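For the numbering used here, add 5 to where a residue sits in the sequence shown, where the first one is 1. Yeah, the Cβ is synthetic: ideal placement off N, Cα and C, and Gly gets one too. All figures in this text were calculated on a predicted structure; none of them were measured in a lab. What follows is one structure encoded as structure tokens, with my remarks underneath.
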Amino acid sequence: MRLDFLPPRALTDGAVHHYCLRCHEDGVKWRTEDGRRHCVCGACGAVRDRALVLDPAVNWWTDENGEYWHETAGVFARDARGRFLFFDRTAFPFGLTIPAGHVERDEEPHLAAARELEEETGLAARGLAFLGRTPVPGDGCRRGADAHVWQVYHCEAGDGGEAAVRLGPEGVTAVWLTPEEALKRPLTLAVRTVLGTYRQALATF
Numbered sequence: 006m007r008l009d010f011l012p013p014r015a016l017t018d019g020a021v022h023h024y025c026l027r028c029h030e031d032g033v034k035w036r037t038e039d040g041r042r043h044c045v046c047g048a049c050g051a052v053r054d055r056a057l058v059l060d061p062a063v064n065w066w067t068d069e070n071g072e073y074w075h076e077t078a079g080v081f082a083r084d085a086r087g088r089f090l091f092f093d094r095t096a097f098p099f100g101l102t103i104p105a106g107h108v109e110r111d112e113e114p115h116l117a118a119a120r121e122l123e124e125e126t127g128l129a130a131r132g133l134a135f136l137g138r139t140p141v142p143g144d145g146c147r148r149g150a151d152a153h154v155w156q157v158y159h160c161e162a163g164d165g166g167e168a169a170v171r172l173g174p175e176g177v178t179a180v181w182l183t184p185e186e187a188l189k190r191p192l193t194l195a196v197r198t199v200l201g202t203y204r205q206a207l208a209t210f
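Have a look at this one:
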């Protein structure tokens with residue numbers, strides 16, 4: 006997504022903005038209904054799964070073509086049987102995901118990965134290790150970016166396995182899957198991409 010429809014002040018004023026993708030007004034409010042998060046525009050009434058959110062607390066930028074990018078940290082958390090934790094997202098993009106989220110401005114990606122793991126699943130990152138950095142063009146999020154750079158990690162899920170997982174509001178239905186099992190499921194685009202990229206490394210750690 007390009008930001009060419011925004012007023013210039015929106016890029017520099019340090020405020021959080023929520024722009025409607027239909028009328029481009031800064032008047033979107035978020036709601037959760039029937040287990041799904043969506044937004045409603047106060048100006049035109051459009052109901053959408055996403056909006057264009059500019060948040061100075063999130064690490065975002067535009068590239069030489071004007072494309073809006075976010076940085077994401079994601080974690081493959083493994084149980085004692087060699088399976089990894091996935092869950093269904095309640096917000097766009099819908100599908101199975103791993104614990105992941107946006108990296109905050111001036112936050113180290115490994116700290117973001119550990120934070121997202123705990124916030125979304127209640128698990129602490131044991132033995133967190135870096136797998137790699139993968140740009141994923143076409144990876145849309147509810148905040149309006151259609152491109153993300155993923156910082157990918159793996160860790161041990163810790164004692165307790167499935168019983169230890171306490172999903173937050175962004176996820177439902179936790180499942181433990183091998184990479185091969187996961188690739189047969191409806192994964193989000195980004196998770197399918199990074200799982201395919203690091204599948205061999207995940208099999209050997």
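C-alpha gap between residue i and residue j, whole angstroms
i	j	result
Pro61	Gly149	14 Å
Arg188	Ile103	Here the sequence assigns Leu to residue 188, which means Arg is not the residue at that position. Their Cα atoms are separated by approximately 13 Å.
Gly145	Asp54	11 Å
Ala56	Cys28	11 Å
Tyr158	Pro174	22 Å
Val141	Ala48	32 Å
Gly137	Leu90	19 Å
Asp4	Ala96	In the structure as shown, the chain starts at 6 and stops at 210, and residue 4 therefore has no counterpart that could be examined.
Thr198	Ala118	18 Å
Asn70	Arg204	31 Å
Residue i - partner residues in DSSP beta bridges
i	result
Cys46	Val33
Phe91	Val180
Glu38	Arg41
Ala51	DSSP output for Ala51 lists no bridge partner at all.
Closer than 7 Å: residue i CB and nearest the ligand PLP heavy atom
i	result
Glu76	For the structure depicted, the ligand PLP is absent and the ligand set is empty, with no information on it obtainable.
Cβ-Cβ distance between residue i and residue j below 8 Å
i	j	result
Leu128	Ala195	no
Thr212	Gly87	Outside the shown range of the chain, which is 6 to 210, sits residue 212, and nothing can be said about it.
Ala130	Val80	yes
Glu72	Ala169	no
Q | Continuous beta strand (DSSP E) assignments of at least 3 residues falling wholly in the segment 138-199 | A | 152-161, 176-182
Q.
Measuring CB atoms only, is the segment 63-78 touching the segment 37-44, in the sense that at least three cross pairs come out at less than 8 Å?
A. no
Q.
Does the contact criterion of 3 or more C-beta pairs under 8 Å hold for the segment 15-35 versus the segment 103-118?
A. no
Q. Considering only residues of the segment 75-130, which uninterrupted alpha helix (DSSP H) runs meet the minimum length of 4 residues and lie entirely inside it, listed in chain order?
A. 114-126
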